[in-house]
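J.:
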Amino acid sequence: MKILVTGASGLLGLNLSLQMHDKHEIIGVDRAKLANTPFNIIKADLLNLDALPKLLDESKPDALIHCAANALVDACELDPNATAILNAELPGRLAKLCTERDIQFLHISTDAVFDGTKEGIYTEDDEPNPLGVYAQTKLDGEIAVLDANPNAAIARVNFFGWSLSGSRSLSEFFINNLKAGKEVNGFDDVYFCPMFVGDLADTLIGMLSKSLSGTYHVVGSRAITKYEFGGAIANQFGFDAGLINPISVSDAGLKAKRSQNLRLSINKLSTALEYKIPDFSTGLAKFYTQYQQGYPQKMRSYQQL
Ligand SMILES: NC(=O)c1ccc[n+]([C@@H]2O[C@H](COP(=O)([O-])OP(=O)(O)OC[C@H]3O[C@@H](n4cnc5c(N)ncnc54)[C@H](OP(=O)(O)O)[C@@H]3O)[C@@H](O)[C@H]2O)c1
-13 MKILVTGASG
-3 LLGLNLSLQM
7 HDKHEIIGVD
17 RAKLANTPFN
27 IIKADLLNLD
37 ALPKLLDESK
47 PDALIHCAAN
57 ALVDACELDP
67 NATAILNAEL
77 PGRLAKLCTE
87 RDIQFLHIST
97 DAVFDGTKEG
107 IYTEDDEPNP
117 LGVYAQTKLD
127 GEIAVLDANP
137 NAAIARVNFF
147 GWSLSGSRSL
157 SEFFINNLKA
167 GKEVNGFDDV
177 YFCPMFVGDL
187 ADTLIGMLSK
197 SLSGTYHVVG
207 SRAITKYEFG
217 GAIANQFGFD
227 AGLINPISVS
237 DAGLKAKRSQ
247 NLRLSINKLS
257 TALEYKIPDF
267 STGLAKFYTQ
277 YQQGYPQKMR
287 SYQQL
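When you line the sequence shown up against the numbering used here, it's residues -13 to 291, in that order.
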């Protein structure tokens, strides 16, 4: 399959492209961060909306996985209008252009569309209620995509892995600090379902292979707190888990409000894919194996200097 991946320098886009380029023809869309990647790159600023048709007509992909976004939750609060164009208008435009060209469209959204007030696990039938600019614009993006292209698939994700900068992910936050012997805070009242980005990449390709459409929760099978997540990383990497202080998210002084219950059901996804979504502990072990094999350094070598 020929797959166009937007946000190819990002945490998801880069891991997905590196993992899939020997099985599929990957073309990454990058503004100015990548060089010498083992997959092809098209340099483009996606906010140049008038250039989008040309991007698709020249690359002629079978599928587009749209990972590009402003995913920095607190930064989104600073500029709601620009965030709305990137997170909502752009995906709607791409979805329309893809349906016109018979290109499968897989849009990446977030678990954070829910406000976290439900007692229990969220299914795809539950009503979203975003708490901040990031979550609201991501939900608006979902709506714009499905309005423009009813055959599109939407994956509400949450994932961890190694990034180009070495500091993008929550997992790297814990590793960088714990490795340096520094104390960190971990929220013990925020539940989420983290998935290893490599497992997420496999799952997204599985969704394309099955031509899924509609909204799916694509997260890990186990719900844990962010504090427990940090502890699991410390244990896997042999760091001192005692350096992690359990605190409440309400004491962290964050700009954007966070949902405290992001337990999402993956029943719809595993039924559609006809396989069991990999467990958190196997994903964490694969993440650690990458560390042992020098994957973080290798990833950094794709940085444009
Ligand atoms: N990280 C998580 O745990 C998480 C959780 C839930 C949902 N998500 C969703 O997953 C998706 C991927 O997130 P991520 O963590 O991989 O994000 P990320 O690391 O912040 O990467 C965002 C990507 O978007 C690109 N981008 C931004 N503006 C662009 C523009 N105008 N033109 C071209 N590219 C542009 C960035 O390029 P530059 O590098 O040039 O800025 C970067 O490659 C997003 O849709 C996000 O909402 C992520």
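We treat Cβ as the ideally placed atom computed from N, Cα and C, and that holds for glycine.
(1) So what's P232 in DSSP terms, helix, strand or just coil?
(2) Is I230 near G172, with beta carbons less than 8 Å apart?
(3) Flag this pair as yes or no: are the beta carbons of T109 and S236 separated by less than 8 Å?
(4) Candidates L132, H203, I219 and N137: which alpha carbon is nearest I161's?
(5) Pick helix, strand or coil for F25, following the three-state DSSP scheme.
(6) Would you kindly report the start and end of the unbroken beta strand (DSSP E) that includes V176?
(7) Could you give the C-beta distance for A54 and V131, rounded to a whole number, given that I count them as a contact under 8 Å?
(8) So the candidates are V119, P180, L248 and A18; which of them puts its Cα closest to the Cα of F100?
(9) Please list the terminal residues of the continuous beta strand (DSSP E) segment that includes E11.
(10) Using three-state DSSP, classify Y261 as helix, strand or coil.
(11) Name the DSSP bridge partner or partners of R142?
(12) If we count the other Cβ atoms within 10 Å of its Cβ and call it buried at 16 or more, is E44 buried or exposed?
(13) What first and last residue would you give for the beta strand (DSSP E) that runs through L50?
(14) Suppose the cutoff is 6 Å on Cβ atoms and the five residues either side in sequence are ignored; what does the same chain contact list for G106 look like?
(15) With hydrogens ignored, establish whether the beta-carbon of I161 is closer than 7 Å to any heavy atom of ligand 3.
(16) So which of L255, I13, E63 and V59 has the shortest CA-CA distance to D48?
(17) In angstroms, rounded to a whole number, what distance separates the CA positions of A141 and L125?
(18) What does the alpha-carbon distance come out to for the pair N221 and E214?
(19) Does DSSP classify Y108 as helix, strand or coil?
(20) Determine the DSSP secondary structure at G184, reduced to helix, strand or coil.
(21) With DSSP as the reference, label Q290 as helix, strand or coil.
(22) Under the assumption that I263 contacts L255 (Cβ atoms under 8 Å), give the Cβ distance between them as a whole number of angstroms.
(23) R87 to K40, Cα distance in whole Å?
(24) Is L83 closer than 8 Å to I51 when the C-beta atoms are compared?
T.: With the structure as the only source:
(1) Numbered from 1 along the sequence shown, position 246 holds the residue referred to as residue 232. Of the three classes helix, strand and coil, the one that applies to P232 here is strand, per DSSP.
(2) The residue labelled residue 230 in the question sits at position 244 within the sequence shown. The residue labelled residue 172 in the question sits at position 186 within the sequence shown. Cβ atoms of I230 and G172: closer than 8 Å.
(3) If you number the sequence shown from 1, residue 109 lands on position 123. If you number the sequence shown from 1, residue 236 lands on position 250. Their beta carbons are not under 8 Å apart, which means T109 does not touch S236 by this criterion.
(4) In the sequence shown, residue 161 corresponds to position 175, counting from 1. Out of L132, H203, I219 and N137, I219 has the C-alpha closest to the C-alpha of I161.
(5) Here residue 25 corresponds to residue number 39 of the sequence shown, with the count starting at 1. Three-state result, F25: coil.
(6) As a working note, residue 176 is residue 190 in the sequence shown. From DSSP, V176 is part of no beta strand (DSSP E); its letter is neither H nor E.
(7) The residue labelled residue 54 in the question sits at position 68 within the sequence shown. The residue labelled residue 131 in the question sits at position 145 within the sequence shown. Contact flag wrong, Cβ pair sits at about 13 Å.
(8) As a first step, residue 100 must be located in the sequence shown, where it is residue number 114. Taking only the C-alpha atoms, the option nearest F100 is L248.
(9) As a position in the sequence shown, residue 11 is number 25, starting the count at 1. Its beta strand (DSSP E) spans residues E11 to D16.
(10) As a position in the sequence shown, residue 261 is number 275, starting the count at 1. If DSSP states are grouped into helix, strand and coil, Y261 belongs with coil.
(11) Here residue 142 refers to the residue found at position 156 of the sequence shown. In DSSP, R142 forms a bridge with S95 and H203.
(12) Taking the sequence shown and counting its residues from 1, one reaches residue 44 at position 58. Exposed is the call here.
(13) Against the sequence shown, residue 50 aligns to sequence position 64. Its beta strand (DSSP E) spans residues A49 to H52.
(14) In the sequence shown, residue 106 corresponds to position 120, counting from 1. Correct list: empty, nothing qualifies.
(15) Annotation note on ligand 3: not contained in the displayed structure, which lists ligand 1 as its ligands.
(16) Reading the sequence shown from its first residue, position 62 is the one you call residue 48. When each option's Cα is compared against that of D48, the closest is I13.
(17) Here residue 141 corresponds to residue number 155 of the sequence shown, with the count starting at 1. Here residue 125 corresponds to residue number 139 of the sequence shown, with the count starting at 1. When rounded, the distance between both Cα atoms is 12 Å.
(18) As a first step, residue 221 must be located in the sequence shown, where it is residue number 235. As a first step, residue 214 must be located in the sequence shown, where it is residue number 228. Each residue's Cα considered, the two are about 10 Å apart.
(19) The residue given as residue 108 occupies position 122 in the sequence shown. Strand at Y108.
(20) Counting from 1 along the sequence shown, the entry for residue 184 is found at position 198. Looking at G184 - three-state DSSP - the assignment turns out to be helix.
(21) Working through the sequence shown from its first residue, we reach residue 290 at position 304. It is coil, neither helix nor strand.
(22) Start at 1 with the first residue of the sequence shown, and residue 263 comes out as number 277. Start at 1 with the first residue of the sequence shown, and residue 255 comes out as number 269. Right, their Cβ atoms sit about 7 Å apart.
(23) Indexing the sequence shown from 1 puts residue 87 at position 101. Indexing the sequence shown from 1 puts residue 40 at position 54. Roughly 12 Å separates the two Cα atoms.
(24) Position 65 of the sequence shown, counted from the start, is the residue given in the question as residue 51. Position 97 of the sequence shown, counted from the start, is the residue given in the question as residue 83. No. Outside cutoff.
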